[in-house]
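Number of protein chains: 2
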Amino acid sequence: MCEQSLNDYITEQCALIDAALDRLLPAEDESPETIHKAMRYSIFAGGKRMRPVLCLAAAEACGGLAVDALVPACAVEMMHTYSLIHDDLPAMDNDDLRRGKPTSHKAFGEGVAILAGDALLTEAFAVIAQVDDTERYTVRDYVRELAATGGSTMLIGGQILDLEGEHKQLSEPEVRTVYEGKTAALLTTALRFGGMSANATESQLEALTDFGYNLGLAFQVIDDILDLTASTEKLGKTAGKDVNSQKSTCPALIGLDGARSEAKCRTQAALDALMIFPEERRARLVELANYLLNREY
Amino acid sequence: MCEQSLNDYITEQCALIDAALDRLLPAEDESPETIHKAMRYSIFAGGKRMRPVLCLAAAEACGGLAVDALVPACAVEMMHTYSLIHDDLPAMDNDDLRRGKPTSHKAFGEGVAILAGDALLTEAFAVIAQVDDTERYTVRDYVRELAATGGSTMLIGGQILDLEGEHKQLSEPEVRTVYEGKTAALLTTALRFGGMSANATESQLEALTDFGYNLGLAFQVIDDILDLTASTEKLGKTAGKDVNSQKSTCPALIGLDGARSEAKCRTQAALDALMIFPEERRARLVELANYLLNREY
């Protein structure tokens, strides 16, 4: 068990992460100001920081220090934020609200929003190039994995399939492929990067991969449930979008109850993967997984 | 002097580069097919391959082999192509033609074009992660430089300033800053990567940097002259765009004759920077610089 409450732990880790992001991003008044303002606007728009928090907790689970995982955690958060900016564009999901604020193209115009996404993606690689090598992992491993997870068969591939799946019925395996690419891949990388920063053994890294895959699927199922059941105000983004664009989602395919039980099942599989870690070391990841399962926004 | 004609040399190097690009990019029938088709459509749309050819020639100037520079040369070409796809979007320069073919968003729609650009940018880093370390340079140096040159103060910064400069009069130093970011930065990186793959000395790398900077400025001045003087058919992209969007360019600021003399002057400065290389070693770069100065499209 952890002495510090989960809320306090998350608050503390988020403060570390925000300070690191602030340090790693170009200053708002650096020229050209527009692009740096737009990059910071989306990064500091009040996201949950789920991926970097998981990255830090994974480092601790492997016996490392959270502070040593900050650089890869920030690279992952930058890649995540770029993908949100581009996904929200009119040519994609066409969303006006994100994290309760106007989306980047609403605030800055489409041209700047596209470039702000490009710049955060590029900056993610500038940041990952600053990672320290450990005995087992070098900067080359990090760059290769970040590029693969963000690439055309995973993060971008998921978004393409999602776009193509609008107004057409996908099968369950096809929906799972979308979820894997859109969500599970980068979430898994966040966990693996935390492990790598702590010089994790191969079996620890495998456990984190298994945990991340299942947690990522659970997370996206819950996201799609909330899109159907929660209010726009609570979500901080437009609710009911999936129905309106006739997206094939897990709850659309198997119903709300089926989707809820799928999310529970995946979370359990995620928790099972953690059993190779000593109890006190896995406690935070267990808490975080349960917290994500029970979230309401 | 070089025994092989420049045209034969360029043809031979382009064949090497195209084969490497084909090997490094995901296959067209790999899932999701749409994104891989779109990535390959723009990469193989008949570009001049100026940057990768310069990369290979720089490796040879430093006593290395062209073949050892192929990986970074392809990474640079992918980054260049991504920037063209995004620059052509309706929210940016809104161009329908590129290299004589419909632009990516005309061929695939805006959503896919944005993602194809994202995917090529990400793939550039996947490719640069495959570079061989030399005695003086490691993969970390390459990633750091590629991210910096593609980032918010250079490639993307140039495009932002260019966007903001439409319908408003920029000063000569401001126009130079746009040229540096939009063109000179990535061209310089192409040359430096060639040098790095040949384990160049510090002074060789400085000479290539100086050469690239001046050649890049000359190249962009000529581009803007051709936009005014050449036909759409010859250019393979819409001519007269800069006047229509009231862009501040070098010829708009100092006239066609002034711009022509600026391009010559910059080319001479570029050639001067090569003097540290033995004559037979610098001959190709000299020929390429003169070729770029005298081009008509």
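Residue numbers (our numbering), protein chains in the order written: chain A, 1 to 297; chain S, 1001 to 1297.
Positions of the beta carbon are idealized from the N, C-alpha and C atoms, including for glycine.
Residue i touches chain S at which residues, Cβ-Cβ below 8 angstroms?
i, result
"Gln159(A)", "Leu1115"
"Thr153(A)", "Pro1026, Glu1030, Ser1031 and Pro1032"
On the three-state DSSP scale, how would you describe residue i?
i, result
"Pro1026(S)", "coil"
"Pro1278(S)", "coil"
"Arg40(A)", "helix"
"Pro1052(S)", "helix"
"Arg1098(S)", "strand"
"Ser1245(S)", "coil"
"Glu77(A)", "helix"
"Ser1005(S)", "coil"
"Ser1231(S)", "coil"
"Glu296(A)", "coil"
"Ala200(A)", "coil"
"Leu16(A)", "helix"
"Asp1257(S)", "helix"
"Asp88(A)", "coil"
"Ala1057(S)", "helix"
"Ala1239(S)", "coil"
"Leu285(A)", "helix"
"Ser1031(S)", "coil"
"Thr1103(S)", "coil"
"Leu191(A)", "helix"
"Cys1265(S)", "helix"
"Leu1021(S)", "helix"
"Ala45(A)", "coil"
"Gly64(A)", "coil"
"Asp1093(S)", "coil"
Can you tell me whether residue i is buried or exposed? The criterion is at least 16 other CB atoms within 10 Å of its CB, across all chains shown.
i, result
"Glu202(A)", "exposed"
"Met1(A)", "With a pLDDT of 48 at Met1(A), under the threshold of 50, the modelled position of that residue is not reliable, and no figure is offered here."
"Ala27(A)", "exposed"
"Glu1123(S)", "buried"
"Asn294(A)", "exposed"
"Gly216(A)", "buried"
"Thr1214(S)", "Per the sequence shown, the amino acid found at residue 1214(S) is Asn instead of Thr. Per the 10 Å Cβ criterion, buried."
"Val67(A)", "exposed"
"Asp96(A)", "exposed"
"Glu262(A)", "buried"
"Gln1169(S)", "exposed"
"Gly46(A)", "exposed"
"Thr1220(S)", "Reading the sequence as shown, one finds Gln at residue 1220(S) and not Thr. With 16 or more Cβ atoms within 10 Å of its Cβ, Gln1220(S) is classed as buried."
"Lys1247(S)", "buried"
"Leu155(A)", "buried"
"Thr1232(S)", "exposed"
"Pro278(A)", "exposed"
"Ala113(A)", "buried"
Going along chain S, which residues have a C-beta under 9 angstroms from residue i?
i, result
"Met275(A)", "Within 9 angstroms Cβ-Cβ: nothing; Met275(A) doesn't reach chain S, min ~33 angstroms."
"Ser197(A)", "Here the premise fails: no neighbours, minimum Cβ distance about 16 angstroms."
List the residues of chain A whose Cβ lies closer than 7 angstroms to the Cβ of residue i, in chain order.
i, result
"Gly1165(S)", "Within 7 angstroms Cβ-Cβ: nothing; Gly1165(S) doesn't reach chain A, min ~11 angstroms."
"His1086(S)", "Ile114 and Asp118"
Since residue i meets chain A, which of its residues come closer than 8 angstroms, beta carbon to beta carbon?
i, result
"Ile1156(S)", "Ile35, Leu115, Asp118, Ala119 and Thr122"
Name, please, each residue of chain S whose Cβ falls closer than 7 angstroms to the Cβ of residue i.
i, result
"Glu110(A)", "Ala1091"
"Ala148(A)", "Ala1126"
If you measure beta-carbon to beta-carbon, which residues of the segment 1122 to 1145 of chain S are closer than 7 angstroms to chain A? For the segment 1122 to 1145 of chain S, which is checked against every Cβ of chain A, the residues closer than 7 angstroms are Thr1122, Glu1123, Phe1125, Ala1126, Ala1129, Val1139, Arg1140, Val1143 and Arg1144.
Closer than 8 angstroms, Cβ to any Cβ of chain S: which residues of the segment 16 to 45 of chain A, in chain order? The segment 16 to 45 of chain A vs chain S, Cβ under 8 angstroms: Pro26, Glu30, Ser31, Pro32, Thr34, Ile35, His36 and Met39.
Where in the segment 1109 to 1183 of chain S do unbroken runs of the alpha helix (DSSP H), each at least 4 residues long, occur, reported from the N-terminal end onward? For the segment 1109 to 1183 of chain S, the full-length alpha helix (DSSP H) segments reaching 4 residues or more read 1110 to 1128, 1139 to 1149, 1155 to 1165 and 1172 to 1179 along the chain.
Got a sec: which bits of the segment 1092 to 1107 of chain S sit with their beta carbon under 7 angstroms from any beta carbon on chain A, in order along the chain? Flagged, chain order: Met1092.
Scan the segment 177 to 189 of chain A for residues whose Cβ lies nearer than 7 angstroms to a Cβ of chain S and list them as they occur along the chain. Correct list: empty, as no residue qualifies.
What are the residues in the segment 52 to 78 of chain A lying within 7 angstroms of chain S by C-beta distance? From the segment 52 to 78 of chain A, no residue has a Cβ closer than 7 angstroms to chain S.
In the segment 227 to 258 of chain A, which residues sit with their C-beta less than 7 angstroms from some C-beta in chain S, listed in chain order? So nothing in the stretch comes that close.
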